[in-house]
Amino acid sequence: MSGLTRRCVLAGSAAAAIGATVGGAIAAAPPVGKTGPGIYRYRIGSYELTALYDGIWYRPIGQDFIRNVAFAEVEHALDAAFMPHDKLTTPFTTLIVNTGQKLVLLDTGTGGQIAPTAGMIVANLAAAGIAPKDVDQIAISHFHPDHINGIKDKDNNLIFPNAEIMVPEAEWAFWMDDANMNAAPAAMKETFRNQRRIFTDIAKQVARFAPGKEVAPGIVTLAAPGHTPGHTVFAVHSGSESLMVLSDTAQHPAVFARHPDWQASFDVDGQETVVTRKKLFDRAAADRMLVTGYHFPFPALGHLVKTASGYEHVPVEWQTTL
Ligand SMILES: [Zn+2]
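Heads up, the sequence shown is in this note's numbering, so the first residue is 857 and it goes up one at a time.
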C-alpha cells in the first residue's frame, strides 16, 4: 500500500469514527455539478477592474503547431505543464476597467461562436452586476475572432449597444484590405470573412487609433506587432499603480513564457512575435509589473519572472477584499 493510499484510508477511518461519535450527523449531499461565476475583481490605483472569464477552448494542434522546433520538443513542454499533446489549452479572459467615469471593455470574448465551452461573458457580467448597455467603450487588441466576436451575437446584433468601439488602425488596414484577403491561404480567408461579418455594417461607428493613443483616461495603447500586424497591448495607469494588458503577446504561459522563442502557426509574423514578446516580458519582469494575458489561466493576472531560459508566470492570490 502506498503512503498516499494509507493516509486516505486513515482519514476515512477518522471521519467514520467522528460520524459515529456525533450520532450520524453526516448527511449525503447531491453533487452541484457546476462552478460559480468567473469574476475576479481588483484595483489599480482608484480604478476598479473586473476580469471576466469567457470560457475555454481546447484548440486542436499537430506537428505544425510550432514552426521553429520539432514537435517532440513541444510534447515535452506540454508534459511539463500537465497538458494534453493534441490540444492547446486556451482560456479567454476579458477585462472591464471602471475609471470612475467610464466602463471600458478590453476585448470582447468569443460571443459563443468559437467553442461550446466559451461564451460566458454576458452571464459573468450579470454576475458582476454590469449590464451590457452600461459598457461605454470597447477597445480591441487585434482582429482574431476570439477577441472581436463578442461585439455581436450569433444573429449579428450588437451585444454592447451603447459602446463606442475602438480598434488599432493597423489591424483595420491589414485585415479589411480585400487584396490581403484574396492573397491569403484558404484557412486564413475564414478569419478575413469573419472580420467583414463583424465590422462591415458598423464601420462608421468604429474608431481607429494609432499606437500611443490614450483610448480612455489612464488606458494607453502600445504597438505589439507580430501575432498580427496591428496587435496592441494596453497599459492601465491610475495613481502610482500600473497594469500591463499583454493581449496575445504570449498565449498559455506554460508554453510561450517558458519558451519565448517559439513561433506558433497562428502568429502572422513569427519572428516579430518573438521580438515583441521578449521586449515586453523583459520590461514587465524588470519593473515587477502586474500583468494580465488574455489566454493566461483565470484570473489571468500575475507577474513574470525571468529565468535562465525564458519566463515564469507567478499568479496572484485570490483576494477577499479590494
Ligand atoms: Zn487570442
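Beta carbons: idealized from backbone N, C-alpha and C, even for Gly.
Within 7 angstroms, strictly: CB atoms of residue i and residue j
i       : j       : result
THR964  : GLY911  : no
VAL1062 : ILE1015 : no
ILE900  : LEU1178 : no
ALA974  : TRP913  : yes
PRO1001 : THR1088 : no
LYS1162 : ALA1140 : no
TYR898  : SER1094 : no
MET1037 : PHE1055 : no
ALA1091 : VAL1071 : no
THR945  : HIS1083 : no
ALA1026 : GLY1086 : yes
GLU1128 : PRO1081 : yes
PRO893  : ALA971  : no
ASP1011 : GLY967  : no
LEU1102 : VAL1131 : no
Sequence-distant residues of the same chain with beta carbon closer than 6 angstroms to residue i, five excluded per side
i       : result
ILE874  : Since pLDDT at ILE874 reaches only 46, below the 50 mark, its modelled position is unreliable, and the value read off the structure follows with that caveat. Cβ within range, chain order: n/a, list empty.
SER869  : A caution first: SER869 carries a pLDDT of 48, below 50, which makes its placement in the model unreliable, though a value can still be read off. Excluding positions up to five away in sequence, the list is empty.
ALA937  : ALA1110
LYS1069 : THR1077
PHE1137 : LEU1160 and TYR1167
PHE1152 : PRO1109
ALA1039 : none
Residue interval of the alpha helix (DSSP H) (run including residue i)
i       : result
PRO1001 : 1001-1004
ILE1054 : 1042-1055
GLY1126 : 1126-1142
MET976  : It is not in any alpha helix (DSSP H) - MET976 carries neither H nor E in the DSSP assignment.
PHE948  : Here PHE948 belongs to no alpha helix (DSSP H); instead the beta strand (DSSP E) covers 943-954.
MET1037 : 1034-1039
PRO1109 : 1109-1112
VAL930  : 927-936
GLU1025 : 1025-1031
Close-in-space but distant-in-sequence residues of the same chain around residue i (CB under 7 angstroms, 5 per side omitted)
i       : result
ASP1121 : The sequence as given places Ser at residue 1121; Asp does not occur at that position. Cβ neighbours of SER1121 beyond the five flanking positions: ASP920, PHE921 and ARG923.
THR950  : LEU908, ASP910, LEU961, LEU962, ASP963, THR964, GLY965 and ILE977
HIS941  : GLU931 and LEU934
HIS1169 : PRO1109, ALA1113, PHE1152, GLY1158 and LEU1160
VAL925  : TRP1118
Of the residues the options, the one placed nearest residue i, counting alpha carbons only
i       : options                               : result
MET820  : PHE999, ARG1114 and ASP1009           : Missing from the structure shown is residue 820; the chain here goes from 857 to 1178 and no further.
PRO1041 : VAL1124, PHE1090, ASN1018 and GLU1027 : VAL1124
THR891  : TYR903, ALA979 and GLU1097            : ALA979
ARG1114 : GLY967, ALA1059 and ALA933            : ALA933
GLN1175 : SER1165, ILE1075, ASP1057 and GLY1158 : GLY1158
GLY1074 : ASP1034, SER1096, ARG1049 and THR1056 : SER1096
LYS1135 : GLY889, VAL1076, TYR1167 and GLY918   : TYR1167
MET1145 : GLN1127, PRO1171, GLU1128 and ALA1164 : PRO1171
ASN954  : VAL925, ILE986 and PRO972             : ILE986
HIS1003 : LEU981, ASN1013, GLN1051 and GLY956   : GLN1051
THR840  : ILE996, TRP1028, LEU981 and LYS943    : Since the first residue shown for the chain is 857 and the last is 1178, residue 840 is missing from the structure and cannot be characterised.
LYS1060 : PRO1153, PRO947, TRP1028 and LYS1010  : TRP1028
ILE994  : ARG1064, LYS943 and ASP1033           : ARG1064
ARG1053 : GLN969, ASP1143, ALA1039 and PRO947   : GLN969
PRO1155 : PRO1116, ILE952 and ASP1033           : ILE952
GLN1079 : ASP1104, GLU1173 and TYR1150          : Checking the displayed sequence, the identity of residue 1079 turns out to be Ala instead of Gln. Looking at the Cα atoms, ASP1104 is the closest of the given residues.
TYR1150 : PRO988, ILE996, GLY956 and ALA885     : ILE996
Sequence-distant residues of its chain with Cβ nearer than 8 angstroms to residue i (five each side left out)
i       : result
PHE1112 : ALA1106, TRP1118, ALA1120 and ARG1133
ASP992  : LYS958, LEU959, VAL960, ASN1018, ALA1019 and GLU1020
ALA876  : Residue confidence is low: ALA876 scores 48 on pLDDT, short of 50, so the model does not pin down where it sits. Its coordinate-derived value is still stated next. Nothing listed; no residue qualifies.
ILE895  : THR906, ALA907, LEU908, TYR909, ASN980, ALA983 and ALA984
ASP990  : LEU959 and ASN1018
LYS943  : TYR914, ARG915, PRO916 and ILE917
PHE1116 : Note that residue 1116 is Pro in the sequence shown, not Phe. Same-chain partners within the cutoff: ALA1106, VAL1130, ARG1133, LYS1134, PHE1137, GLY1166 and TYR1167.
Span of the beta strand (DSSP E) around residue i
i       : result
ARG915  : 903-916
ILE1072 : Note on identity: in this sequence residue 1072 is Ala, with Ile being the wrong assignment. Its beta strand (DSSP E) spans residues 1070-1072.
ALA1079 : 1075-1079
LYS1162 : 1157-1162
TYR896  : 895-900
GLN993  : 993-995
ILE1091 : A small fix is needed here, since residue 1091 is Ala in this sequence, not Ile. Element bounds for ALA1091: 1088-1094.
ARG1064 : 1062-1065
GLU1097 : 1097-1101
TYR1167 : 1167-1171
LEU961  : 959-962
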